[in-house]
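What follows is a set of notes on a single structure, which appears directly below.
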Amino acid sequence: MKEHSKGLPAVMKIAADHLQKVFGIEIVELQDKLKGSYILINKMKDPTHLAWNDADNAKTGLLVVVLSIIFMSGNVVQDGELWHSLRGFGVNPDQHHETFGDVKKLVMQEFVKQAYLETTRVPNSDPSVYEVRWGQRAMHETSKKDILKFVCLLYKMEPAQWASQYQDAMEEEETARNAAAGSV
């Protein structure tokens with residue numbers, strides 16, 4: 001297989017082009033310690049034809065809440081603060097949940113493995129404390145602006161009322177716009 005590895009980038013480029021043109025799916029290679037791993041991003045404007053089961057919808061809902069907590073906390077939150085915030089949404093991470101099962105395992109292992117979240121152990125913490133941030137997949141599949149809109153719906157507020165988060169979301173949008181303009 002090693003003798004064919006030099007052709008892999010060309011094959012991946014062709015596959016990526018076909019997936020984009022035919023299915024509206026973008027292949028994205030993850031970076032840093034996840035380099036060599038790929039995710040598929042649905043780029044279709046209205047994916048209403050996609051049917052998810054109730055459990056997947058619920059997990060996605062929990063993920064959006066977790067991403068919201070992280071974003072509204074300055075883009076990083078310690079695990080204890082995250083669990084406290086989830087309790088406010090009626091999800092007790094210390095008890096087996098009817099839909100999510102082991103909430104801590106879902107958040108700290110499954111969402112991390114899927115690259116929606118990244119965790120870093122706080123040095124010299126005993127017991128262990130982890131910082132939780134958005135993972136690369138979350139950054140590709142959603143935006144801070146969309147998460148801020150979600151939070152505003154929950155709290156019946158306008159985005160500009162969350163000054164620092166609004167500024168952060170607008171900066172991210174500007175960066176994305178500049179990157180898109182540079183790649184054309």
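Per the UniProt record's numbering: the sequence shown = residues 1 to 184.
We treat Cβ as the ideally placed atom computed from N, Cα and C, and that holds for glycine.
key: Beta-carbon proximity check, Ile-41 vs His-140, cutoff 8 Å   = It is a contact, given that the beta carbons lie within the stated cut-off.
message = Assuming contact is defined by CB atoms lying nearer than 8 Å, are Leu-154 and Tyr-166 in contact in what I supplied?
response = Result no, Cβ atoms of Leu-154 and Tyr-166 do not sit closer than 8 Å.
C-alpha gap between residue 198 and Gln-109, whole angstroms = Nothing about residue 198 can be read from this structure; the chain reaches only from 1 to 184.
ask   = Taking the DSSP output, what are the residues bridged to Val-77?
value = DSSP output for Val-77 lists Val-132 as bridge partner(s).
query = How would you write the range of the beta strand (DSSP E) that Glu-118 sits in, first residue to last?
reply = Secondary structure note for Glu-118: its beta strand (DSSP E) is the uninterrupted segment 117-121.
task = Give the C-beta separation of His-84 and Val-91 to the nearest angstrom, bearing in mind that I take them to be a contact with Cβ-Cβ under 8 Å.
result = With 8 Å as the limit, His-84 and Val-91 do not qualify as a contact, their Cβ atoms being about 11 Å apart.
inquiry  = Can you give me the C-alpha to C-alpha distance between Gly-88 and Gly-74, rounded to a whole angstrom?
reply    = When rounded, the distance between both Cα atoms is 19 Å.
task = Note down, in chain order, each residue of its chain lying with its Cβ closer than 7 Å to the Cβ of Met-1, except the 5 sequence neighbours on either side.
result = Legend: pLDDT at Met-1 = 49, less than 50; position of this residue unreliable, no value from coordinates given.
Secondary structure of Val-91, DSSP reduced to three states = Looking at Val-91 - three-state DSSP - the assignment turns out to be coil, as it is neither helix nor strand.
message = Based on DSSP bridge pairs, tell me the residues matched to Leu-40.
response = Answer by DSSP bridge pairing, in chain order: Ile-27.
task = In the DSSP assignment, find the unbroken alpha helix (DSSP H) run with Leu-148 in it and report its ends.
result = Where Leu-148 is concerned, the enclosing alpha helix (DSSP H) starts and stops at 144-155.
key: Secondary structure of His-97, DSSP reduced to three states   = In the structure shown, His-97 adopts extended strand secondary structure according to DSSP, grouped into three states.
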